[in-house]
């Protein structure tokens, strides 16, 4: 019996409503007192429903409570943050977009001027006005009669100050930042001795308890169970303790998160030291704004942070520590200098894929490196490098059964394109995500039941931005083996190159108005040519570089590029190189990220005549070559 074991005890292993009711019914039917009851149609059914619902609710609550006891299974944010705290991990807050500006105060005639903390700048994005604030009071003396605040970091949001008077008799007193969108990185914590003594001490955030002594003026911060941020202080053993009557002053930026990323034009909102003629020039546009760390990311990062133990020795340590120092991190790649190309010993390389944007500013990179100094091994220097995007260009020819669908060939092509777009977003576009040919072609076949097969070829492309009118060396690394069956495979009997596995977008050479293109000769040399009529005209000076088919490195040696042509019909500052790979699987290396080139994606469909029952029995059945 489903609900009754051999000893007449009720089964309690199944806890959904219907099973609970069935078990109760089975149990009661086995009791002599209820042998003549109609369990389906009588009032007994209502009682069973009540008992079943009550049991189901209690079981659900018990299950949820049990889940919240463990980091892996917890779903409520307060449970997750509590478990993370036990591992020494503090989730990252929202981060304000940060810009760098030069502020020139004209017509000033005093010995010094002051830009106070909280001084505001305005900008407009898509018709919406945003405020940026300076978070540090700055005093400036003129240089040659000119007053310029250089490279001022300004943060989107409002500058808020909250004050608390310490009352040691209040055991429940807490120092709360009363806003969900606080940028904790901007937090300034100051303690004033008392209402009658204005002596002020600035406290610093404690990152390593080992270094915090009884007299250390350090503060701690945590996310509360209510989702707010709370500042707390030492107890006189670990960190200096507050005394009765101290005034805790908390100043911070409340931000709108990502909304103002990209802002690049700013105006002063008010005068500075009484002078209103103020010019603001942008050094770096606003970037790095982000939302608070989500639950899934906290659950992922907390164990790694615990394993790192506040030091960066291994690649995993860097992956754990950096998101705590810089919140705008979607993915990280870390590798030792010995794995670099060429090898550079004594350095560790870090590449960051941000949540917003694609490239970190120079100032952001410098800030991260500076913050890592507290965790680094002395002999190792961290270097932040930009990510590189390698695009995969598929050419897809699919066969479909026209009798099995009412969809047009164009509609099927659209379904395939949508599937490929989702694949690029989900399976690629992060570090260490391999393009695997077999699942990719299976995805195409499964886009619609009418699709019978596909022949798909792939190429790779990368872009680089040359320095115009300068004879420089460029190395473009595809980091994968390139197609090369034998030396000179692409040469005709006449010795003319029929086109290699390398091609490029157009460019001019300094002093030459012709539009040139690149190709390899099949033997490791890269040539430049322009087209005259139907013929290729090569540079008489010889090759312009080399191609290593084994490593995938294309090296352009001292070629002076005068200008670059449009790429994909749009004005460009970059030159694109395209190659054919030896393998259909493509592996990203170090700071490379793979992405499907949807602009140059080619999808062509053909009705399958054999599947359609045509009388030619495959005589006119055309197939497509694997290599083009």
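Residue numbers (my numbering): 933 to 1560.
Just so you know, even glycine gets a beta-carbon here, dropped at the ideal spot from N, CA and C.
Point to revise | Nonlocal neighbours in the same chain, by C-beta distance under 6 Å from residue 1103, ignoring five residues either side | key: Here residue 1103 refers to the residue found at position 171 when the chain shown is read from its first residue. Here the set comprises nothing.
Point to revise | Collapsed DSSP secondary structure at residue 1112 in the structure displayed | key: Residue mapping note: residue 1112 aligns to position 180 of the chain shown, counting from 1. In the structure shown, residue 1112 sits in coil (DSSP, three-state: anything other than H, G, I, E or B).
Review point. For residue 1112, does the count of other Cβ atoms within 10 angstroms reach 16, so buried, or fall short, so exposed?
Key: Counting from 1 along the chain shown, the entry for residue 1112 is found at position 180. With fewer than 16 Cβ atoms within 10 Å of its Cβ, residue 1112 is classed as exposed.
Review point. Which of helix, strand or coil does DSSP assign to residue 1392?
Key: Numbered from its first residue, the chain shown carries residue 1392 at position 460. Residue 1392 falls in the strand class under three-state DSSP.
Point to revise | Three-state secondary structure assigned by DSSP to residue 1474 | key: Numbered from its first residue, the chain shown carries residue 1474 at position 542. Coil at residue 1474, not helix or strand.
Point to revise | Alpha-carbon spacing of residue 1260 relative to residue 1368, whole angstroms | key: Locating residue 1260 in the chain shown gives position 328, counting from the first residue. Locating residue 1368 in the chain shown gives position 436, counting from the first residue. Looking at the two C-alpha atoms, the distance is approximately 29 Å.
Exercise for review: Would you identify the three-state DSSP class for residue 1078, choosing helix, strand or coil?
Suggested key: In the chain shown, the residue the question calls residue 1078 occupies position 146. Residue 1078 falls in the strand class under three-state DSSP.
Review point. The alpha helix (DSSP H) spanning residue 1377 covers which residue range?
Key: In the chain shown, residue 1377 corresponds to position 445, counting from 1. Per DSSP, residue 1377 belongs to the alpha helix (DSSP H) from 1369-1377.
Review point. Would the beta-carbon of residue 1133 fall within 8 Å of that of residue 1149?
Key: Within the chain shown, residue 1133 is the residue found at index 201, counting from 1. Within the chain shown, residue 1149 is the residue found at index 217, counting from 1. Cβ distance < 8 Å, so residue 1133 and residue 1149 count as in contact.
Check your understanding: For the segment 1182-1227, which segments carrying the beta strand (DSSP E) assignment without a break, of at least 3 residues, lie completely within its bounds, in sequence order?
Key -> 1210-1219
Check your understanding: In the DSSP assignment, what are the bridge partners of residue 1268?
Key -> In the chain shown, residue 1268 corresponds to position 336, counting from 1. DSSP lists 1280 as partners of residue 1268.
Exercise for review: Report the residue from 1184, 1123, 1013, 1422 whose alpha carbon sits nearest the alpha carbon of residue 1155.
Suggested key: The residue you call residue 1155 lines up with position 223 of the chain shown. Looking at the Cα atoms, 1013 is the closest of the given residues.
Exercise for review: Could you spell out where the beta strand (DSSP E) holding residue 1450 opens and where it closes?
Suggested key: As a first step, residue 1450 is located in the chain shown; it is residue number 518 there, counting from the start. It spans 1444-1452 - the beta strand (DSSP E) in which residue 1450 sits, taken as one unbroken run.
Review point. Should residue 939 be labelled buried (16 or more other beta-carbon atoms within 10 Å of its own) or exposed?
Key: Translated into positions along the chain shown, residue 939 becomes position 7. Reliability of the predicted coordinates at residue 939 is poor, the pLDDT of 42 falling under 50, and the value obtained from them is presented with this limitation in mind. Exposed.
Check your understanding: Is the CB of residue 1186 under 8 Å away from at least one CB in chain B?
Key -> Checking the listed chains, one finds no chain B in this structure; it contains a single protein chain.
Review point. When you compare only the Cα positions, how much space is there between residue 1228 and residue 1043?
Key: In the chain shown, residue 1228 corresponds to position 296, counting from 1. In the chain shown, residue 1043 corresponds to position 111, counting from 1. Spanning the two alpha carbons is a distance of roughly 54 Å.
Check your understanding: Would you report the Cα separation of residue 1191 and residue 1082, rounded to the nearest angstrom?
Key -> The residue given as residue 1191 occupies position 259 in the chain shown. The residue given as residue 1082 occupies position 150 in the chain shown. In a straight line, the C-alpha of residue 1191 is about 25 Å away from that of residue 1082.
Exercise for review: Could you please give the first and the last residue of the uninterrupted alpha helix (DSSP H) stretch that includes residue 1256?
Suggested key: Looking up residue 1256 in the chain shown gives position 324. Segment 1247-1257, the alpha helix (DSSP H) holding residue 1256.
Point to revise | Rounded C-alpha distance that separates residue 1374 from residue 1035 | key: Here residue 1374 refers to the residue found at position 442 of the chain shown. Here residue 1035 refers to the residue found at position 103 of the chain shown. Residue 1374 and residue 1035: Cα-Cα distance of roughly 57 Å.
Exercise for review: May I ask which residues mark the beginning and end of the beta strand (DSSP E) holding residue 1403?
Suggested key: Counted from its first residue, the chain shown places residue 1403 at position 471. First-last of the beta strand (DSSP E) with residue 1403: 1403-1409.
Check your understanding: Three-state secondary structure (DSSP) at residue 1047?
Key -> Locating residue 1047 in the chain shown gives position 115, counting from the first residue. Correct three-state label for residue 1047: strand.
**Study point:** Residues near residue 1532 by beta carbon distance below 6 Å, same chain, minus five either side
**Key:** Here residue 1532 corresponds to residue number 600 of the chain shown, with the count starting at 1. For residue 1532, where only same-chain residues beyond five positions count, the Cβ hits under 6 Å are 1325.
**Study point:** Nonlocal neighbours in the same chain, by C-beta distance under 7 Å from residue 951, ignoring five residues either side
**Key:** Residue mapping note: residue 951 aligns to position 19 of the chain shown, counting from 1. Answer for residue 951: no residue qualifies.
Review point. Applying the criterion that 16 or more other CB atoms from any shown protein chain within 10 Å of the CB defines a buried residue, is residue 1275 buried or exposed?
Key: For this step, residue 1275 is matched to residue 343 along the chain shown. Under this definition residue 1275 is an exposed residue.
Review point. Buried or exposed: which applies to residue 1508, given that a residue is buried once 16 or more other Cβ atoms fall within 10 Å of its Cβ?
Key: Counted from its first residue, the chain shown places residue 1508 at position 576. When all chains shown are included, residue 1508 counts as buried.
Review point. Does the Cβ of residue 1007 have 16 or more other Cβ atoms within 10 Å, making it buried, or fewer, making it exposed?
Key: Position 75 of the chain shown, counted from the first residue, corresponds to residue 1007. Burial call: exposed.
Check your understanding: Got a sec? Which residues, its chain only, sit under 6 Å from residue 1491 by beta carbon, not counting five neighbours each side?
Key -> Residue numbering aside, residue 1491 sits at position 559 when the chain shown is read from its first letter. If we look at residue 1491 and ignore the five residues flanking it on each side, its Cβ neighbours are 1476.
Point to revise | Inter-residue Cα distance where the pair is residue 984 and residue 949 | key: Counted from its first residue, the chain shown places residue 984 at position 52. Counted from its first residue, the chain shown places residue 949 at position 17. Rounded to whole angstroms, residue 984 to residue 949 spans 6 Å at the Cα level.
Point to revise | Minimum C-alpha distance to residue 1282 - residue among 1528, 1015, 1027, 1523 | key: Stepping through the chain shown from its first residue, residue 1282 is reached at position 350. The shortest Cα separation from residue 1282 among 1528, 1015, 1027, 1523 belongs to 1523.
Review point. Do you know offhand how far residue 1381's Cα is from residue 1349's?
Key: Residue numbering aside, residue 1381 sits at position 449 when the chain shown is read from its first letter. Residue numbering aside, residue 1349 sits at position 417 when the chain shown is read from its first letter. Roughly 15 Å separates the two Cα atoms.
Review point. So who's on the other strand from residue 1326, going by DSSP bridges?
Key: Translated into positions along the chain shown, residue 1326 becomes position 394. DSSP output for residue 1326 lists 1390 as bridge partner(s).
Review point. Using the beta-carbon count (16 or more within 10 Å), is residue 1073 buried or exposed?
Key: Looking up residue 1073 in the chain shown gives position 141. Exposed is the call here.
**Study point:** Local Cβ density within 10 Å of residue 1305, reported as buried at 16 or more and exposed below that
**Key:** Position 373 of the chain shown, counted from the start, is the residue given in the question as residue 1305. By the 10 Å Cβ count, residue 1305 comes out exposed.
Review point. Apart from the five residues just before and just after residue 1166, which ones in its own chain have a Cβ nearer than 6 Å to its Cβ?
Key: Residue numbering aside, residue 1166 sits at position 234 when the chain shown is read from its first letter. Closer than 6 Å at Cβ, skipping near neighbours: 1172, 1173.
Point to revise | Three CB pairs or more closer than 8 Å across the segment 1497-1511 and the segment 1394-1401 | key: yes
Exercise for review: Give the range of the alpha helix (DSSP H) segment to which residue 1341 is assigned.
Suggested key: Here residue 1341 refers to the residue found at position 409 when the chain shown is read from its first residue. Segment 1341-1359, the alpha helix (DSSP H) holding residue 1341.
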